[in-house]
Every structure is written in C-alpha cells, then in structure tokens.
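Residue numbers (this note's numbering): 72 to 286.
Even for Gly, the Cβ is constructed at its ideal location relative to N, Cα and C.
Just so you know, these numbers come straight off a predicted model, no measurement behind them.
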Amino acid sequence: MKVIEKLISIKEENFILTNQRALFWKEASALILSDLHLGKTAHFRKNGIPLPSDIILEDLKRLSSLIDHFSPEKIIIVGDFLHAGKNSEFEIYKNWKLQFPALKVILVKGNHDRISEKQLFELGISEIHSVYQENKLIFSHEDLKNENQFVISGHLHPGVVLQSSTRKLKFPCYIVTEHQLILPAFSTFTGLDTNNYFPEAQKYIFTQDSIHLIQ
72 MKVIEKLISI KEENFILTNQ RALFWKEASA LILSDLHLGK TAHFRKNGIP LPSDIILEDL
132 KRLSSLIDHF SPEKIIIVGD FLHAGKNSEF EIYKNWKLQF PALKVILVKG NHDRISEKQL
192 FELGISEIHS VYQENKLIFS HEDLKNENQF VISGHLHPGV VLQSSTRKLK FPCYIVTEHQ
252 LILPAFSTFT GLDTNNYFPE AQKYIFTQDS IHLIQ
C-alpha cells in the first residue's frame with residue numbers, strides 16, 4: 072500500500088492528509104478517521120444481499136498499514152465506527168485490535184453507533200464521547216456549525232465530480248473550510264456525497280497515487 076502525504080496546518084496544528092482516507096495529527100500523535108462502518112457488509116449479507124466478506128478485511132489491512140506508517144499513540148474515530156447491531160465482523164475487529172494492545176482508541180459517537188457502551192468497550196474502545204475536544208479542536212460526527220472553534224467531522228462521505236468532454240469521474244475528498252475539516256469515509260464500501268455544500272472550501276481529492284487540491 073502506498074501512503075501519499077499532504078501536510079496542512081490548522082490552528083497552529085499540523086495534519087498530514089493521506090490518500091488512504093485518514094489523516095495524522097502530528098502534535099497529538101493521533102491517527103484520525105471517520106465512518107469505518109464495521110459490520111456493514113455482514114449486515115447486508117444477513118439481509119440477503121450477496122457481498123464479498125473481504126471488504127472489512129481490506130479496510131483493517133489499510134488501517135494496520137497506516138498504524139505501521141505513522142506509529143500513532145491513539146486513534147480518534149469521528150463517528151460511525153459501526154454500521155448496525157452486533158454481527159460476525161465484531162470478532163474480526165476484536166482479533167485485529169489484539170495486534171495493537173497499547174493503542175488508545177477514542178470514539179466520537181455517530182448516528183450508527185447504537186450499541187451499548189459496554190459492548191463498545193469490549194471491542195477495545197478506550198474512551199467514548201458525543202463530542203470530543205483536544206487542544207483547540209472539536210471532534211463531532213456531524214457539523215456543529217460552530218464558528219468560534221474549529222470542528223473536525225465526518226458523516227457526509229464527501230466526494231467531488233470532475234468532468235471532461237467524454238466522462239465524469241468521482242473522487243473521495245477532504246473538505247477544509249475556515250471553521251471545519253470534513254473527513255472522507257474510511258470504508259471503501261460507502262457512497263460519495265458530491266453535492267457542493269461548501270463552494271468556497273478547499274477540497275483535497277485523492278487516488279491511490281496522488282493528492283490534489285482543487286477549489
């Protein structure tokens with residue numbers, strides 16, 4: 072897996088955007104991601120929709136590679152760690168987490184994170200918050216529309232459409248405004264919201280080989 076990096080600064084803090092759907096906060100030694108949607112493919116299969124079982128394995132393999140690359144002290148998951156109720160993918164995640172016993176995992180709950188806190192702790196979550204604050208930054212799954220503080224959020228699964236004379240291409244992206252950074256969905260098994268909610272924002276699109284700023 073190739074990790075492409077793009078350094079940006081926000082509120083005197085340094086963040087490394089990656090082409091692997093997560094960013095690294097240097098000062099806090101924190102890997103930050105959103106919308107893993109653990110259990111989603113198993114949930115679909117349970118409801119009669121045939122999907123390959125290796126999607127979550129590939130997502131966790133990518134997460135392992137990012138941990139090896141950055142050696143973070145903690146992970147901050149900005150909501151929708153889960154997709155639905157408990158299913159077979161929970162054991163896959165629990166076994167994966169055993170590789171990183173010292174790694175702290177902070178969960179900011181999203182609209183899909185509906186199981187009990189006891190079950191979340193059993194999965195290896197270290198802390199659970201509805202909104203989390205560290206230094207000058209606020210972490211919330213959905214936009215708080217707070218212009219007094221900088222908010223890092225997820226939820227939207229943001230994307231961008233680029234059109235040529237012959238075709239349209241969709242790319243996941245990071246959205247950065249004066250008061251907010253919106254993360255791409257970490258899971259590859261998600262759609263993209265390509266509505267232009269933030270026309271003045273900086274949008275960092277990425278592929279397996281590159282990261283590009285468009286405005």
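Helix, strand or coil at residue i according to DSSP, with G and I counted as helix
| i | result |
| --- | --- |
| SER224 | strand |
| ASN166 | helix |
| HIS140 | helix |
| PHE192 | helix |
| LEU134 | helix |
| HIS114 | Annotation note: pLDDT 49 at HIS114 (below 50); position unreliable, no value reported. |
| ILE209 | strand |
| GLU98 | coil |
| LEU128 | helix |
| PHE161 | helix |
| LYS145 | strand |
Proximal residues to residue i (C-beta, below 6 Å), its chain only, five neighbours per side dropped
| i | result |
| --- | --- |
| GLN251 | VAL222 |
| ASP130 | SER258 |
| HIS140 | VAL74 |
| GLN220 | ILE209 |
| LEU215 | VAL222 |
| ILE253 | SER224, LEU227, PRO229 and ILE246 |
| PRO172 | none |
Between the CA atoms of residue j and residue i - distance to the nearest angstrom
| i | j | result |
| --- | --- | --- |
| SER281 | ILE146 | 24 Å |
| HIS226 | PHE277 | 18 Å |
| SER159 | PHE192 | 17 Å |
| SER211 | ILE103 | 12 Å |
| PRO243 | GLU271 | 18 Å |
| ALA101 | LEU208 | 13 Å |
| GLN170 | SER235 | 45 Å |
| ASP54 | LYS274 | This structure leaves residue 54 out entirely; the chain is present only between 72 and 286. |
| PHE152 | LYS239 | 30 Å |
| LEU137 | GLY181 | 22 Å |
| LYS132 | ASN166 | 12 Å |
| SER233 | THR248 | Looking at the sequence provided, one finds Leu at residue 233 rather than Ser. Cα to Cα, the separation comes out at about 20 Å. |
| GLU188 | ILE81 | 32 Å |
| GLN204 | PRO143 | 18 Å |
Sheet register partners of residue i (DSSP bridge)
| i | result |
| --- | --- |
| TYR268 | Bridge partners of TYR268: none, in fact. |
| SER80 | ASN85 |
| ILE285 | LYS274 |
| ILE253 | SER224 and ILE246 |
| PRO172 | Paired residue(s): none; PRO172 is not in a bridge. |
Own chain, CB closer than 7 Å to residue i, minus 5 neighbours either side, in chain order
| i | result |
| --- | --- |
| TRP96 | GLU84, PHE86 and ILE103 |
| SER197 | LYS175, VAL176 and ILE177 |
| THR261 | ASP106, HIS108 and HIS228 |
| LEU284 | GLN273 and TYR275 |
Own chain partners of residue i with C-beta closer than 8 Å, once the 5 adjacent residues on each side are dropped
| i | result |
| --- | --- |
| ASN267 | none |
| ASN217 | ILE209 and HIS250 |
Decide if the segment 253-266 is in contact with the segment 88-103; the criterion is three or more beta carbon pairs, one per stretch, under 8 Å apart. yes
Between the segment 73-83 and the segment 228-240, do three or more beta carbon pairs fall short of 8 Å? no
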